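Protein chains in written order, with my numbering: chain A, 13 to 257; chain B, 27 to 110; chain C, 27 to 110; chain D, 23 to 757.
Beta carbons: idealized from backbone N, C-alpha and C, even for Gly.
All of these numbers come straight from a predicted model, not from anything done at the bench.
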Ligand SMILES: Nc1ncnc2c1ncn2[C@@H]1O[C@H](COP(=O)(O)OP(=O)(O)O)[C@@H](O)[C@H]1O
Ligand SMILES: [Mg+2]
């Protein structure tokens with residue numbers, strides 16, 4: 013299956029995602045230039061991390077106005093798979109593909125560390141290889157990852173199962189200290205109503221090889237890939253085996 | 027023309043930066059400070075035929091790029107060259 | 027009292043943020059924009075006996091904390107409560 | 023000329039611009055006439071200490087710079103070493119001390135920017151940064167602000183460009199109260215044939231200007247004092263350099279893409295002395311001349327004069343010498359990345375630099391003589407009068423409560439956890455970081471090869487202060503030892519020599535001695551020096567910084583085996599102490615931090631013992647069963663053991679021979695290792711074979727650290743001392 017990784021000026025995790033999809037998992041993967049509107053037939057489009065346009069105004073705000081984001085939006089509307097990671101999450105929020113906004117981490121500093129996530133649902137293409145309630149360890153690296161939305165919107169989001177991952181402690185318990193960036197409802201990852209668009213602040217591509225000391229992220233990409241060959245519906249039951257691929 | 031655009035977090039939205047500044051001011055002896063809100067300010071030079079056009083365009087700039095209205099409010103002031 | 031403090035990079039100092047915003051505005055059709063300077067804005071609530079004291083204290087706040095005068099200029103405006 | 027009338031040129035102006043002694047006369051006789059204002063500016067920059075190394079050159083010649091791994095030694099923008107499989111590593115370190123003291127955020131940020139450009143200008147893609155930081159006493163004026171600004175500046179810049187900062191050092195000492203040190207290191211990798219040298223070739227080839235516009239940023243400090251500027255408005259003063267990491271990132275991508283075409287002849291960033299040094303250096307290496315029309319240089323402010331244009335240190339700018347007829351291809355690449363690119367001149371025959379501005383010739387200087395006639399000084403040296411007092415035996419204080427002392431050491435910002443800093447640095451981007459900050463050395467895999475690169479930076483300024491020769495050697499030895507702890511073989515080093523004024527004979531002596539010590543250690547350990555940087559005049563009001571020759575060393579690990587780490591990993595592992603203790607407390611962290619005593623002779627450096635220890639550690643890493651290797655440095659054995667327990671919250675029980683001072687002695691050429699029980703015999707055999715003293719001192723396990731010394735057992739909970747260690751820096755900073 014064909015995968016695409018969007019490249020904005022200032023993207024810097026584009027090659028990391030490319031490496032996991034192309035080299036680790038062996039799928040045909042292309043880099044998609046921000047000025048283009050042609051997704052080259054890619055079935056999975058990843059909007060990667062980095063500092064598009066330096067994040068000079070608000071993270072993701074300028075990139076969200078790029079031509080390619082229009083194409084990604086259409087791809088999503090057709091049910092195509094879209095994954096936003098870190099800056100990609102911020103871009104999808106700014107571009108209106110997902111609801112809400114990111115603000116500075118509440119300690120006002122960039123944070124690079126491992127966090128623990130609880131998988132909130134496993135009927136999504138991206139989470140089908142995980143179990144509900146499974147605890148994942150993943151690195152974060154961002155300055156603006158404090159997810160915000162108004163209370164009504166948050167309630168609506170929760171009601172439709174829009175939360176894919178939440179920050180928890182190592183034992184999987186909700187804890188203020190584990191919600192390192194201060195996100196509303198400890199939200200670490202969101203999906204759209206149809207489940208084909210998902211975005212998260214942690215970096216699954218940075219924990220997808222044994223050499224990196226952690227492979228909790230690999231199943232996320234692998235799940236998305238088999239979701240295409242073996243469409244949604246069986247996701248939840250195919251998840252057995254957790255993070256193993 | 028020249029305009030100033032000011033963008034602040036909406037009233038309900040947490041403003042950790044403002045809070046941190048208020049606390050820091052307190053620590054260095056400015057006990058009289060009760061609250062700080064931290065926002066952004068942009069000075070924009072641009073061409074426009076008249077005041078009305080200028081205001082309309084500035085509003086569009088805010089909506090498209092300068093502010094994220096999910097969490098921010100903006101306000102616009104024309105500074106000079108705005109005689110028409 | 028309430029005041030607004032505006033802090034901008036000094037005129038000679040590179041303002042990468044302002045430049046990036048100007049270019050981004052240009053890319054999405056605001057070709058009329060010729061320059062953007064990006065700064066910060068703070069709304070400060072505080073107690074002061076009179077206008078003169080308020081202004082003196084605000085200036086001190088800017089010099090000690092709100093602005094980095096090596097690279098930034100600031101300006102202060104009293105907004106309300108400043109009747110005395 | 024533009025807005026500003028040119029001041030008249032004479033010896034007085036020359037000395038204001040920083041020329042000293044008879045340098046001005048040399049220049050006049052070299053030109054056969056008085057220089058123009060612009061010419062004087064150019065030459066004063068090229069002959070400044072920073073660009074010419076005039077006080078240090080004579081000693082730097084003592085460094086070994088050759089070896090089987092060296093591809094490019096000192097002289098290029100970065101040193102290059104062979105790492106096998108057709109790949110090379112390019113690396114360099116540079117100081118940004120003064121700018122960081124004036125404006126910590128921008129100063130540190132632009133330091134990172136500059137060193138990254140030095141690496142990618144060679145055609146190498148940067149894969150990792152280190153930062154070596156020396157701050158003053160945490161309670162000194164502005165110090166918390168400086169720490170915060172520097173750390174944010176380094177983080178924001180490196181994070182945005184997307185190069186992981188994977189290690190470094192952070193020290194605190196009152197000698198840096200008025201002059202902090204910020205040394206930034208970058209490492210890149212390239213295919214061997216992809217390396218670019220900044221050497222001009224081909225008369226008629228066009229010279230392109232790429233990147234940010236030129237402003238009055240950081241124009242040579244000396245020019246600030248110039249009379250002619252004083253009566254001008256505030257606005258005419260040089261401005262603080264501001265970093266633009268976004269432009270750096272696109273410049274990096276665009277340059278690497280451009281260098282893959284064969285349209286680029288030579289390329290160099292505009293670093294210190296901007297356009298001047300980049301053009302003169304590239305032309306000099308190629309034996310060519312060049313002509314520039316400075317009117318074409320893109321300006322941020324309209325009224326810069328040629329002097330300012332040539333000396334501006336605006337950031338994120340490159341000079342590209344293109345192949346004639348292929349400019350369009352290059353321009354397309356740079357425009358695609360939304361970068362400004364402008365032809366500003368061409369290469370010429372005859373070795374002369376000709377600069378025009380507004381239709382007028384403003385400078386015409388022969389290039390080669392500028393280098394061959396460049397000043398070179400052997401400054402007078404003098405042994406510091408206070409040296410005997412410094413080196414007097416400090417004696418051994420009573421150690422009644424060793425665990426209490428250990429905990430107090432771990433609670434200092436110097437020895438405490440650096441997590442507060444490194445959490446602000448992205449150290450995992452690019453997915454190459456096998457071992458990040460917190461290990462003895464960082465370890466980066468190199469994609470598409472079976473090798474990993476290990477990197478570390480080290481120096482102990484107190485040792486250098488007490489005995490510069492030993493201190494210089496120790497810095498090299500410790501770096502090599504740190505690499506060996508992750509199983510790496512050193513392939514080269516770069517350095518940043520931070521000293522006070524070389525015009526002070528005692529400082530010149532310190533410099534000479536440090537360099538000699540380093541050179542001796544490099545020879546003995548077989549590590550070539552491939553690049554480096556000298557920063558003099560680190561002093562405030564006559565108060566010098568400690569001599570600080572920062573060493574950054576790079577090593578190779580073959581294969582991506584399970585490298586040992588610096589913390590205990592498995593219950594039941596046997597702990598061996600490698601090397602011999604000689605109860606050396608001179609210059610130790612123990613005396614300095616707990617007894618306010620910086621005195622004595624620093625621990626002796628036995629280079630032969632270091633070489634044998636290094637060989638042993640590499641051998642053990644290959645044979646398996648070696649889970650942990652951690653070198654003994656600052657704080658001695660007790661601190662090393664404590665640090666090793668923190669990684670996995672795994673305790674240890676050890677028995678130490680000798681007096682309690684053995685816990686805190688900093689004798690060199692030592693490390694602790696933890697080995698699976700069934701590999702211990704093999705390890706012991708290897709120590710015998712390689713002649714490394716060894717003692718089996720205990721075992722990993724439990725939740726306590728227990729140290730039995732003589733009849734006394736000192737015990738404390740790992741969780742307890744770890745908490746102290748974790749809180750040390752944030753609580754000292756109050757952040
Ligand atoms: N400023 C810094 N930036 C990045 N890493 C740092 C910094 N300061 C310290 N570290 C990391 O913290 C760890 C401890 O540093 P240090 O005590 O100097 O180690 P060592 O004694 O082994 O040389 C190392 O892994 C080092 O890389
Ligand atoms: Mg070290």
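Element boundaries [alpha helix (DSSP H), containing residue i]
i: residue 703 of chain D; result: 702-712
i: residue 19 of chain A; result: Where residue 19 of chain A is concerned, there is no enclosing alpha helix (DSSP H), although the beta strand (DSSP E) it sits in stretches over 14-19.
i: residue 538 of chain D; result: 527-547
i: residue 86 of chain C; result: 77-87
i: residue 332 of chain D; result: 328-333
i: residue 179 of chain D; result: 165-183
i: residue 111 of chain B; result: The structure shown does not extend to residue 111 of chain B, since chain B is modelled only from 27 through 110, so no value can be given for it.
i: residue 692 of chain D; result: Segment: none, residue 692 of chain D is in no alpha helix (DSSP H) and carries neither H nor E.
i: residue 128 of chain D; result: 126-142
CB contact below 7 Å: residue i versus chain A
i: residue 50 of chain B; result: no
i: residue 150 of chain B; result: Here chain B covers residues 27 to 110 and nothing more, so residue 150 of chain B does not appear.
i: residue 744 of chain D; result: no
i: residue 86 of chain B; result: no
i: residue 74 of chain C; result: no
i: residue 37 of chain B; result: no
Residue i at chain D interface by Cβ criterion, 7 Å
i: residue 151 of chain A; result: yes
i: residue 26 of chain A; result: no
i: residue 92 of chain C; result: no
i: residue 33 of chain A; result: no
Residues sharing a beta bridge with residue i, DSSP
i: residue 312 of chain D; result: D:369 and D:375
i: residue 738 of chain D; result: D:727
i: residue 159 of chain A; result: A:114
i: residue 99 of chain C; result: C:34
i: residue 226 of chain A; result: A:221
i: residue 487 of chain D; result: Residue 487 of chain D is not bridged to any residue.
i: residue 577 of chain D; result: D:476 and D:512
For residue i, the first and last residue of its enclosing beta strand (DSSP E)
i: residue 124 of chain A; result: 123-131
i: residue 106 of chain D; result: 101-106
CB contact check: residue i to chain B, cutoff 7 Å
i: residue 154 of chain A; result: no
i: residue 71 of chain C; result: yes
Cβ separation of residue i and residue j, assumed to be a contact under 8 Å, to the nearest whole Å
i: residue 39 of chain B; j: residue 160 of chain A; result: 6 Å
i: residue 514 of chain D; j: residue 188 of chain D; result: Contact doesn't hold; Cβ gap of about 18 Å is too wide.
i: residue 64 of chain B; j: residue 99 of chain B; result: Not confirmed; about 13 Å, so no contact.
i: residue 33 of chain B; j: residue 112 of chain A; result: The pair is not a contact, with the Cβ atoms about 18 Å apart (cut-off 8 Å).
i: residue 594 of chain D; j: residue 723 of chain D; result: 6 Å
i: residue 754 of chain D; j: residue 435 of chain D; result: 4 Å
i: residue 154 of chain D; j: residue 177 of chain D; result: With a Cβ gap of about 15 Å, residue 154 of chain D and residue 177 of chain D do not count as contacting.
Cβ-based burial, residue i [other Cβ within 10 Å; buried from 16]
i: residue 237 of chain D; result: buried
i: residue 75 of chain B; result: exposed
i: residue 192 of chain A; result: buried
i: residue 757 of chain D; result: exposed
i: residue 253 of chain D; result: Because residue 253 of chain D sits at a pLDDT of 40, beneath the cut-off of 50, its placement in the model cannot be relied upon, and the following sentence gives the value as read from the coordinates. Exposed: under 16 other Cβ atoms inside 10 Å.
i: residue 327 of chain D; result: buried
i: residue 54 of chain B; result: exposed
Minimum Cβ-Cβ distance from residue i to chain C less than 7 Å
i: residue 491 of chain D; result: no
i: residue 110 of chain B; result: Low per-residue confidence applies at residue 110 of chain B: pLDDT is 46, beneath 50, and the placement is therefore not dependable, though the value from the model is reported in the following sentence. Chain C, which has no Cβ nearer than 7 Å to the Cβ of residue 110 of chain B, makes this no.
i: residue 65 of chain B; result: yes
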